[in-house]
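K.L.:
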Amino acid sequence: MKKITIALDGFSSTGKSTLAKQLAKELGYVYVDTGAMYRGITYYAMQHDLVSENHLNKEGLIKELPLISLKFNFNEGLGFAEMYVNGENVEQQIRTIEVSRLVSKVAEISEVRAKLVEQQQAMGKDKGVVMDGRDIGTVVFPDAELKLFMTASSVTRAQRRYDELIEKGQQVSFEEVLQNVEERDYIDTHRDDSPLVKADDAIEIDNSSMSKQEQFDVVITLVKEKL
Ligand code: C5P
């Protein structure tokens, strides 16, 4: 069967990764979570004192970029790939609210984006890939056969992220999570390099009041039309 590229873009916590995982499993495609790559670089920058709440050593980070190796290793038990930075499994560490607070600052740096976009294009060169992020349909794969743009109200998204963090045992308040979601939306949509915008040919899906199953059913129908 013909293989296609599926680009899934949208605001944070719109359930992109859940949908992408479901699609990849159903279609036997590779799933690439590009947010994990920006989070991986941010985690490295935090560990090396290159970024914190009140500083960003942009030049220092750009210099160290060639030293940062990012890899996804598939975990059979979990059924998805985990992020490794320089050989260390950082899947847990990159999902914390601390990384969420700093990642959009790091993702504004053009040199960081260029490095990651190149890797993403290499990972998707043979098609048969579901990639989620902010610039997949606009920059990474402008020729993707299917582009989806996911939205939901910020309160709905913050509630989902809050539930996830609490389930993982993290100490956060709902207000803190909502503020983070809104701040990231702002930075992601206003940056100069590859801002989050809906590609002209993307299909918008507002899943504020859709169940995961309803959303999957809508999208798999769209996929089948392309195969
Ligand atoms: O998808 P996730 O919420 O994990 O992404 C974390 C952050 O990484 C986003 O808020 C955004 O700043 C950045 N990002 C990006 N481009 C992508 C994926 C993520 O700028 N393709």
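Residue numbers (UniProt numbering): 1 to 227.
No residue lacks a Cβ here, since even glycine has one placed at the ideal position from N, Cα and C.
Predicted, not measured: the structure shown is a model, and the values here were computed from it.
Inspect the beta-carbon positions of K58 and I109 and report whether they are closer than 8 angstroms.
P.N.:
Walking along the sequence shown from the start, residue 58 turns up at place 58. Walking along the sequence shown from the start, residue 109 turns up at place 109. The Cβ-Cβ distance between K58 and I109 falls below 8 angstroms.
K.L.:
Any heavy atom of ligand 3 within a distance shorter than 7 angstroms of the CB on I136?
P.N.:
With respect to ligand 3, the structure offers nothing, as its ligand set consists of ligand 1.
K.L.:
Closest to S13 by C-alpha separation, out of R160, L65, T34, would be which residue?
P.N.:
Counting from one through the sequence shown, the residue named residue 13 turns up at place 13. It is R160 whose Cα lies nearest to the Cα of S13.
K.L.:
Within the same chain, show all residues whose beta-carbon is closer than 6 angstroms to that of E225, passing over the 5 residues directly before and after it, in chain order.
P.N.:
As a position in the sequence shown, residue 225 is number 225, starting the count at 1. Correct list: empty, nothing qualifies.
K.L.:
Going by the DSSP bridge assignment, what does E88 pair with across the sheet?
P.N.:
In the sequence shown, residue 88 corresponds to position 88, counting from 1. In DSSP, E88 forms a bridge with V85.
K.L.:
Taking the alpha-carbon positions, what's the R157 to V181 distance?
P.N.:
If you number the sequence shown from 1, residue 157 lands on position 157. If you number the sequence shown from 1, residue 181 lands on position 181. Each residue's alpha carbon lies about 8 angstroms from the other.
K.L.:
Which full runs of the beta strand (DSSP E) of 3+ residues lie inside the stretch 129 to 217, going along the chain?
P.N.:
You should have 129 to 133, 146 to 151, 203 to 206.
K.L.:
Have a look at T42, D132, Y162 and flag the residue whose alpha-carbon is nearest the alpha-carbon of E53.
P.N.:
Here residue 53 is taken as the residue at index 53 of the sequence shown, counted from 1. Closest option to E53, Cα to Cα, is T42.
K.L.:
Using 8 angstroms as the Cβ pair cut-off and three pairs as the minimum, do the stretch 19 to 39 and the stretch 191 to 200 touch?
P.N.:
The stretch 19 to 39 is not in contact with the stretch 191 to 200.
K.L.:
The beta strand (DSSP E) spanning L23 covers which residue range?
P.N.:
The count along the sequence shown starts at 1 and reaches residue 23 at position 23. From DSSP, L23 is part of no beta strand (DSSP E) but of the alpha helix (DSSP H) over 16 to 27.
K.L.:
Which same chain residues, not among the five before or five after K21, have their C-beta less than 7 angstroms away from its C-beta?
P.N.:
If you number the sequence shown from 1, residue 21 lands on position 21. Cβ within range, chain order: Y31, F80.
K.L.:
Using the C-alpha atoms, what's the distance from K16 back to R95?
P.N.:
As a working note, residue 95 is residue 95 in the sequence shown. As a working note, residue 16 is residue 16 in the sequence shown. Answer to the nearest angstrom: the Cα atoms are 15 angstroms apart.
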